[in-house]
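Shown next, in structure tokens, is the structure this report addresses.
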Amino acid sequence: MAPRIGVFICRCGINIAAYVDVPKVVEYAKTLPGVAYAEENMYTCSSDGLNKIKEAIKKHNLDRVVVASCTPRTHEPLFQATCEEAGVNKYLFEMANIRDQCSWVHMREPEKATKKAKDLIRMAVAKAALLEPDDEPEIDVIPSTLVIGGGVSGMRAALSVADQGFDVTIVEKEPALGGKLRGFDSLFPHKQKASEVLEPLIEKVTTHPRIRVLTESRLKSVYGFIGNFDIGVETGKGVETLKVGTIIVAVGAEVLKPRGLYLYGEDPRVVTQSELEQLLHTGSVNAEKIVMIQCSGSRSAERPYCSRICCNEAVKNALNVTEKGKEVYILYRDLQTYGIHYSRLEQEAKRKGIRFLKYQADKPPTITAEPNGLKVSVYSPTVNETVEVTANMLVLSTPLVPVSDAKELSQMLKVPLDSNGFFMEAHVKLRPIDFATDGIFVCGTAHSPKDIGESVAQALGVASRASIPMAKKRVRTAAIMSQVDQTRCSGCGTCIDVCPYNALRKNEKGLAETIAAVCKGCGVCGATCPEKAITMHHFTDEQIQAQGLAALEED
Amino acid sequence: MKPVLVIGGGIAGIQASLDLADRGTKVHLVERTPSIGGVMAQLDKTFPTMDCSICILAPKMIECYRHPNITIHTQSEVVGLEGSVGDFNVKVLEHPRSVDSAKCTGCGLCSEKCPVKKPSTFQAGLGQRKAIYLAFPQAVPLIATIDREACLWFTKGVCRTCEKVCPSKAVDYEQKENVVELNVSSVIAATGFEQYNPKDIGEYGYGRYKNVLTALEFERLVCASGPTGGVLNRPSDGKVSHNIVFIQCVGSRTQTTGYPYCSSSCCMYATKEAVLIKEHEPSSHVTIFYMDLKTFGKGFQGFVDRAQSHWGVNYIRGRPGEIREDPVTKSLTILYENTEVGKVERVDADMVVLCTAAVPHRDNGKLAAVLGVPLDGYGFFEVGDPVSAPVETGKPGVYVCGSCHGPRDIPESVAEASATAAKAAEDAARAEVGQ
Ligand SMILES: Cc1cc2nc3c(=O)[nH]c(=O)nc-3n(C[C@H](O)[C@H](O)[C@H](O)COP(=O)(O)OP(=O)(O)OC[C@H]3O[C@@H](n4cnc5c(N)ncnc54)[C@H](O)[C@@H]3O)c2cc1C
Ligand code: SF4
Ligand code: SF4
Ligand code: SF4
Ligand code: SF4
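In order, the protein sequences belong to chains A and B. Quick note on numbering: numbering that gives the first Met the number 0 labels position 124 of the first sequence as 123, and the sequence is numbered without any gaps. Quick note on numbering: numbering that gives the first Met the number 0 labels position 280 of the second sequence as 279, and the sequence is numbered without any gaps.
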């Protein structure tokens, strides 16, 4: 039966229509082979636009749909769902990106933009004609979560998942739960004692009937996919295997120890902010004049990020030591006292006489060790002079840096790190705590530096995200995946080696086969197989060839 | 399982609703205005990734609309709450749209013909809408609404044009307000924030000088779907502006306005808007006057570094003392103290953008009274223990997320929204085992 393709061309307000002659493109689309209907929409993705697609499917008996608009990254699921509602399988849908890849890049050449839009639609239609319906495999989700890391984020995430009615295992590499908070004295902005937060939390976690804690344990292996992960954990007693449905990464971060910077490691009077924290904890700060230097090792070429919490930590510690009658100077570049609570802390610090001196990145302070103190000399642009202070103690506000095994973990879990080595979320704006890999989530400072309240908020956030598939009990995985033709496969194993997701394995006959739920449809195996035994669903050779040939045709 | 009430349909309320609905919980999403979307729907791009804001938001809005577990109540407010966690009785007042939502197709013919013009809230007052209007082209739900205070029929008893032109017979002048009663297990407030109106800062001339805009107005001006189609025509004479100055911390970080806190996202959105200007016209001059550059979020420092080194955005530390307008050309001069040389200097600009404080929503007081939860000294919702319980109000079963409890950017609002969904899910699980 000949295909009946419907083509919907979006004006996207003026985003497309100002540069592409949409009515002309609609007329052109109607002439393409297989196209039974074409129309333009102001916004195809609006509820009105979607209704029009559904109406047209019914009225014109369409069996395939092409939308020419923006990007499938954000809009494909919506259009596919609309097709399904009107009885057209979602794999019979194809998109042409005539905005991001056409109107936006050819704003100054509307004729060419119009021609390119026609080309892109011709290609999409050529592929659409060859599309096949597909089913999405449904899988059961094991109602259990693995939390990697037993700091405050990991514990809060675990507690919430457990309170939502699912089992949790926490894997912590240290002998005790608590993470960084163990070394803290008080917590900003309200100066609560760290132990008052930590102790009850550890108590709740260790006594919760649904939570298991494995300390002195490390993740060894991860196989599987959302709903069915097989985890290997090395404990003191050997390797234990776990089966979980979802995974939460809460491994935290480490504090930079900046050897060599501002005499750190060379002069015992130079400490980091967290070392000061410990001295405060034990009540052994014996310096009358203290200078703190912000951005020690951050916002630099080597670490081009702001560590978010060090300014606030400095202000908090400065307030603590002034209460003990000491004099404090904070040398800063830009004070990151954001939001309501930290702004209040900054104001309090200024009221209490803590001296803030701005310095410039290109003129950092210089330190000279003298017997009676550390001479700090710094040019401050706000007072336009070089200020000299002799301090008994120098405190470096150093950034949080990724944990040393972040890379190893990221490879095991097959999730990415960002350019600074922190774990990289699926989408910076709208999926801040998901990984692109389904079923794996990230929270706390593993994601980027943040304070405890913010880490807890993210921890609760992932507790929701990780519980959604468990609450649903079953998930559907995309049908875009590889399929090995057993009659052509020679069993050479090339595909198994190249697959970045471990989605292929050898069956009992020694031939390759796809683990459907793991395959992400990236196509690397298909492109590499020397026997051409692998077909990529929804991206078959025939479909891609038809698209390529259509690109070469003239309109 | 009982439903959950979500108040406020900005990105925070949308995400909280979707998380709950996806796990199988019914949600009632109550939004005060005719469409969900909040401030994010008005933004052009978003820092630091420069994603088109409405392009990434619209699919989420539509998802809410289509989700079988979500009921959206627009032009509505929560007017009553009784009971306790697991068993709240809620009253939602739905204001009349004067349009039958079951019949309206969002075709817009009515507003085309309506004779009354009003400044458009969506366009931050820079563009106009009619007395009957669609909030914006991607509005959800895409249903017209009549502004009864502007409509000639409601004010003067004449016209009824929209009724005649509507092909779907959707206009209904008789529509009454409606009170919906719900029983829910938990409540999530996500009512967002507003922008400080800088007219009280006389030195900057906002309101008097046409070419002094707020950052939100500028978002509309620079947006392809804005009133000028994204061309930087300045309001006084339509001249395309190539020389633009931003002033940070307007109304923020000062005791005089009553908002002494840092609004958290303005340094970054100014940087974003500056880059947008440069993207539109690389030869433009952009200067940002700042106090401290807040680069504390993921990817922020890299974004600022690129704005400086690649785009040539000029950052000057200082709070300008005054803006002067040339009475003839309407161009502006900014006076500021250069602390490095210790004297007052000046820069000229075609247009000035004021990055104003994020302030509490004006309705917060009313809503807090209904919900029985506290506000802080400024009027934001107050979280009792920001360290250990960052989304809890202190009243069991009532949670807050997003910028309604202090300025926040989009990803923080989204993560917190999921956090409130987790708390509501915990409540539901507890109710099930009968604890
Ligand atoms: C000029 C400007 C540029 C910005 N740029 C960026 C950027 O590039 N990137 C970024 O991350 N952030 C940016 N932000 C910040 C961003 O806008 C906020 O983080 C985000 O909008 C917060 O979402 P929200 O849902 O908390 O609030 P809102 O978006 O304000 O949504 C709140 C919703 O609740 C509704 N509501 C209010 N009161 C009630 C009530 N009583 N009953 C029912 N409903 C109610 C409102 O109508 C609204 O729809 C920018 C802000 C501004 C002002
Ligand atoms: S928080 Fe402060 S000290 Fe830390 S990197 Fe940022 S600006 Fe520097
Ligand atoms: S009746 Fe009111 S809303 Fe309708 S067209 Fe007339 S003025 Fe506009
Ligand atoms: S009220 Fe009628 S004319 Fe107006 S948008 Fe709705 S259907 Fe169209
Ligand atoms: S974010 Fe920047 S502009 Fe906004 S109040 Fe804070 S310091 Fe001022």
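Built from N, CA and C at the ideal position, the CB exists for glycine as well. Just so it is clear, the structure is predicted and the values come from calculations on it, not from any experiment.
Per DSSP, which residues does A/C488 bridge with? Please list them. DSSP lists no partner for A/C488.
Look at the alpha carbon of A/A157 and the alpha carbon of A/V248, and state the distance between them as a whole number of angstroms. 11 Å
Please tell me whether, using a cut-off of 7 Å, the distance from the CB of B/S263 to the nearest non-hydrogen atom of ligand 2 is below it. no
What in chain E is Cβ-close to B/E425, meaning under 8 Å? Absence of chain E from the displayed structure is noted, the protein chains being A and B.
Short CB-CB distance (under 8 Å) between B/I55 and chain A: yes
Tell me the DSSP secondary structure of A/H280 in three-state form. helix
Classification of A/Q410 by the beta-carbon crowding that lies within 10 angstroms, buried from 16 upward: exposed
Reducing DSSP to helix, strand and coil, say where A/A95 ends up. strand
Shorter than 7 Å, the distance from the beta carbon of B/K102 to the closest heavy atom of ligand 3, or not? no
To the nearest angstrom, how far is the alpha carbon of A/T70 from that of A/Y42? 13 Å
Would you call the CB atoms of B/M39 and B/S52 closer than 8 Å? yes
What runs of the alpha helix (DSSP H), each 4 residues or longer, lie entirely inside the segment 293 to 362 of chain A? 309 to 322 and 338 to 350
By how many angstroms is the C-alpha of A/R63 removed from the C-alpha of B/S412? 38 Å
Note down the Cα distance separating B/H241 from B/S282, rounded to an integer number of angstroms. 8 Å
A/D333 beta carbon near ligand 2 (any heavy atom closer than 7 Å): yes
Pick from A/V269, A/G251 and A/L275 that is closest to A/P257, judged by C-alpha positions: A/V269
Go ahead and pull the three-state DSSP assignment for A/G223. strand
CA-to-CA distance, B/V178 to B/V157, given in whole angstroms: 29 Å
Using CA atoms only, rank isn't needed, just tell me which of A/E26, A/V124 and A/C309 is closest to A/S297. A/C309
May I ask you to report which of helix, strand or coil DSSP gives A/T444? helix
Please check the pair B/C261 and A/G338, which I expect to be a contact at CB under 8 Å, by giving their CB distance rounded to whole angstroms. 6 Å
Between the beta-carbon of B/G191 and the beta-carbon of B/G37, is there less than 8 Å? yes
Beta-carbon gap between B/S503 and B/N210 smaller than 8 Å: Residue numbering for chain B in the displayed model covers 0 to 434; residue 503 of chain B lies beyond these limits and cannot be assessed.
Expected contact under 8 Å - CB spacing of A/P380 and B/T338 to nearest Å: 6 Å
Could you tell me if the beta carbon of B/F46 falls within a distance shorter than 7 Å of some heavy atom in ligand 1? yes
If you drop the 5 nearest sequence neighbours on each side, which residues of the same chain put their C-beta closer than 6 Å to that of A/R475? E135 and E137
Apply the 10 Å Cβ neighbour rule to A/K428 and answer buried if 16 or more other Cβ atoms are within range, or exposed otherwise. buried
At the level of alpha carbons, what is the spacing between B/F46 and A/Q485? 49 Å
Which residue marks the beginning of the beta strand (DSSP E) containing B/R316, and which one marks its end? N313 to R316
List, in order along the chain, the chain A residues whose C-beta lies closer than 7 Å to that of B/S387? V196 and V455
For the alpha helix (DSSP H) that contains A/E84, what are its first and last residues? P71 to E84
Nearest chain B C-beta to A/Y42 closer than 8 Å, yes or no? yes
Closer than 7 Å to a non-hydrogen atom of ligand 5 - does that hold for the CB of B/Q247? yes
Give me the residue from A/A67, A/L129 and A/A458 with the minimum Cα distance to A/G148. A/A458
Quick one: residues in its chain with C-beta nearer than 6 Å to the C-beta of A/V455, no 5 flanking neighbours on either side, listed in chain order? R155
I'd like to know whether the C-beta atoms of B/S417 and A/S447 end up nearer to each other than 8 Å. no
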